[in-house]
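Here is the structure we will look at, set down as structure tokens.
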Amino acid sequence: MVVLMSGRFGQERDSACYKSEAVNASTSIGFIGLGAMGEPMARSLRRAGFPVTATVHRRREPLERLLLDGVAEAANPAQVARSSDVVILCVPDAPQVEEALFGENGAAAGLEAGKVVVDMSTISPIASRAFAERLARQGVDFIDAPVSGGPVRAAEGKLTIMAGAQPEVFARVQPVLEAMGTPHHVGGIGMGETVKLVNQIIISNVMIANVEGLIFAKKAGADLDAVRKVLATATGSNYVLEQWLPKMWLAGTFEGGFAMDLLRKDVAAALDAARSMGHAMPATGLAYQLYTARSAEGDGALDYSAIAKSYERTR
């Protein structure tokens with residue numbers, strides 16, 4: 002369907018066809034949360050031609066770099082919201098989403114009916130639905146759209162985006178999401194976070210299985226490169242083994258990957274959601290304990306493959 006933009010975002014829309022380019026000239030984007038993911042995501046939006054307004058969230062340096070790319074500066078989240086049709090958040094967890102939306106000078110103070118909030122943080126789906134309900138009282142639509150791919154794919158505009166929203170709301174923001182990666186509409190509000198947490202449940206367990214197996218092979222005297230080549234054609238093949246570990250642990254570094262404490266935060270959100278459903282996840286509970294023990298050793302800021310340290314020193 003062709004989207005005709007006149008004034009406010011999406012006021013006129015033809016249901017016959019859809020053309021992403023139509024939104025670029027008139028859809029203003031606000032961005033809150035310029036961390037390792039948010040900064041390159043905001044840059045991707047500028048590269049696609051969207052006008053972007055941002056504010057300092059924790060550090061000023063990322064905003065200074067984005068100003069060189071044509072991002073406009075706002076004093077606070079409320080001002081970001083006043084100047085934007087779509088407000089995107091990319092912050093660590095639900096408390097930070099709460100602060101950015103409803104804290105002092107939060108975005109909610111600048112949101113008018115008809116605007117859209119897209120939360121691209123990874124938080125509990127329970128929290129997402131609660132935020133959506135509060136914003137709905139102002140006539141503001143909400144999408145939970147967490148991402149997968151890390152800073153490298155964020156910089157390339159090639160993230161996997163899992164979006165939970167009403168279909169018509171997703172259609173309105175799809176061109177915006179496409180500027181940052183490949184969006185997938187996976188259901189109603191909360192389903193984006195649910196699917197992302199499924200990913201985190203799997204990778205947290207798969208990482209441990211990979212490390213446990215490879216250290217078993219190493220202690221048995223096997224050549225790890227040979228083991229990996231064989232496994233690439235076997236049923237044990239997986240993305241973490243083939244793509245992630247060669248760049249991190251097996252390359253002799255734990256720097257620059259996905260911080261263990263961020264994964265722990267995501268796994269905790271998954272366990273909380275599982276408890277609310279009466280669903281037991283014993284393997285994931287054990288994984289959380291193992292990562293927590295490693296974090297307590299001072300490795301929380303390292304890539305989560307640093308869990309290998311716990312196995313390498315086992316006698």
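If you use my numbering, the sequence shown corresponds to residues 2 to 316, in order.
Ideal Cβ positions, reconstructed from N, Cα and C, are used throughout, including at glycine.
Exercise. If you compare alpha carbons, which of Phe143, Pro247, Phe259, Ile124 is closest to Val87?
Worked result: Closest option to Val87, Cα to Cα, is Phe143.
For this session: Identify every residue that forms a DSSP beta bridge with Ile54.
Result: Just to set this straight, residue 54 is Thr in the shown sequence, not Ile. BP columns for Thr54 point to Gly31, Ala73.
Exercise. In its own chain, which residues sit with a C-beta less than 6 Å from the C-beta of Ala109, not counting the 5 before and 5 after it?
Worked result: If we look at Ala109 and ignore the five residues flanking it on each side, its Cβ neighbours are Leu102, Phe103.
Problem set entry | Top-ranked residue by Cα proximity to Arg66, from Pro41, Leu90, Ser84 | The shortest C-alpha separation from Arg66 is found at Pro41.
Exercise. Ser45 to Phe217, Cα distance in whole Å?
Worked result: Taking the straight line from one Cα to the other gives about 42 Å.
Exercise. DSSP on Asp304, reduced to helix/strand/coil?
Worked result: Strand.
Exercise. Ends of the alpha helix (DSSP H) at Ile190?
Worked result: Unbroken run through Ile190: none, as it is neither H nor E.
For this session: Name the two residues that bound the continuous alpha helix (DSSP H) containing Met278.
Result: For Met278, the enclosing alpha helix (DSSP H) starts and ends at 261-278.
Exercise. What three-state label does DSSP hand Gly107 in the structure shown?
Worked result: The three-state secondary structure of Gly107, taken from DSSP, is coil.
For this session: Compute the distance between the beta-carbons of Ala309 and Met261, then report whether it is under 8 Å.
Result: In this structure, Met261 does not lie closer than 8 Å to Ala309 by Cβ.
Exercise. Which value, in whole angstroms, describes the spacing of the CA atoms of Pro184 and Thr161?
Worked result: Approximately 6 Å between the Cα atoms of the pair.
Problem set entry | Residue span of the alpha helix (DSSP H) that contains Asp120, given as start and end | Premise fails: Asp120 lies in the beta strand (DSSP E), 117-120, not in any alpha helix (DSSP H).
Exercise. Quick one: what's got a C-beta closer than 8 Å to Val98's C-beta in the same chain, skipping five residues either side?
Worked result: Here the set comprises Leu90, Val92, Asp120, Ser122, Ile124, Ala128, Phe132.
Exercise. Can you tell which of Tyr292, Val231, Ala55 has the C-alpha that lies nearest to the C-alpha of Gly34?
Worked result: When only C-alpha atoms are compared, the closest one is Ala55.
For this session: Express the C-alpha separation of Ala227 and Glu243 in angstroms, rounding to a whole number.
Result: Near 12 Å, if we compare the C-alpha coordinates of Ala227 and Glu243.
For this session: Within the same chain, show all residues whose beta-carbon is closer than 6 Å to that of Pro63, passing over the 5 residues directly before and after it, in chain order.
Result: Excluding sequence neighbours, Pro63 sits near Leu35, Glu40.
Exercise. From the DSSP output, which residues share a beta bridge with Gly182?
Worked result: DSSP output for Gly182 lists Leu160 as bridge partner(s).
Exercise. Can you name the residues that DSSP bridges to Asp145?
Worked result: Its beta-bridge partners are Asp120, Gly165.
Exercise. Is the beta carbon of Ala1 sitting closer than 8 Å to the one on Leu225?
Worked result: This structure leaves residue 1 out entirely; the chain is present only between 2 and 316.
For this session: Determine the closest residue to Gly193 out of Glu113, Val153, Ala271, with distance taken between C-alpha atoms.
Result: Among Glu113, Val153, Ala271, the Cα nearest to that of Gly193 belongs to Ala271.
For this session: Figure out for me which residue from His58, Val53, Pro96, Leu68 has the closest Cα to the Cα of Ser85.
Result: Residue Val53 is the option with its Cα nearest to Ser85.
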